[in-house]
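Peer 1: Here you go, one structure.
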Amino acid sequence: MATLAHLLAQNWQWRDSYIRVLRVIRDAAGRDSSRQAVRRLVEATRIRAESRVIVSTEPFCDVFRSHSAKTDVIFLGIEPSENETSTQLYSRISDLLADMPTTILVHSSGEADVFV
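Following this line, the structure appears as structure tokens:
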């Protein structure tokens, strides 16, 4: 997703865009390791981006909205849960993205190896 954001920013109309890579975690104990992982991702993909780890016990939908509602475009990794039907996935995504900016969904568990 970071690479897709970088590629979009190479377009002359998006050249002055600002890229943020956000990770939401529930437990502050994971902040340092998450921060390092996000920083490594940004460095490995060689993009200019701010990396930020958000610690919150609020529902993801609320955190997502508060940090992404005013952006121009969102790249969001989505991975269906094991027992989730396509109808349930569609409903979950529709609810999450209602009234949000343009969003590019990427089927991703976040496990892609960009460090090769």
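Positions in the sequence shown are counted from 1; adding 15 to them yields my numbering.
Cβ atoms here follow ideal geometry from the backbone N, Cα and C, with glycine treated the same way.
Please determine if the stretch 42 to 54 and the stretch 77 to 86 are in contact, where contact requires at least 3 C-beta pairs separated by less than 8 Å.
Peer 2: no
Peer 1: Pick helix, strand or coil for residue 100, following the three-state DSSP scheme.
Peer 2: On the sequence shown, position 85 is the one that residue 100 refers to. Looking at residue 100 - three-state DSSP - the assignment turns out to be coil, as it is neither helix nor strand.
Peer 1: Less than 8 Å between the CB atoms is what I'm expecting for residue 37 and residue 62, so what's the real figure, rounded?
Peer 2: Stepping through the sequence shown from its first residue, residue 37 is reached at position 22. Stepping through the sequence shown from its first residue, residue 62 is reached at position 47. About 14 Å; that fails the 8 Å criterion.
Peer 1: Use the C-beta contact count for residue 109: other C-beta atoms within 10 angstroms, 16 or more gives buried, fewer gives exposed.
Peer 2: On the sequence shown, residue 109 is found 94 positions in, with the first residue counted as 1. The residue is exposed, with fewer than 16 neighbouring Cβ atoms inside 10 Å.
Peer 1: If I measure Cβ to Cβ from residue 35 and keep anything under 7 Å in the same chain, skipping five residues before and after, which residues do I get?
Peer 2: By 1-based counting over the sequence shown, the position of residue 35 is 20. Taking C-beta separations shorter than 7 Å and ignoring five residues to either side along the sequence, the partners of residue 35 in its chain run 64, 65, 67, following chain order.
Peer 1: So who's on the other strand from residue 120, going by DSSP bridges?
Peer 2: Here the question's residue 120 lines up with position 105 in the sequence shown. Bridge partners of residue 120: 91.
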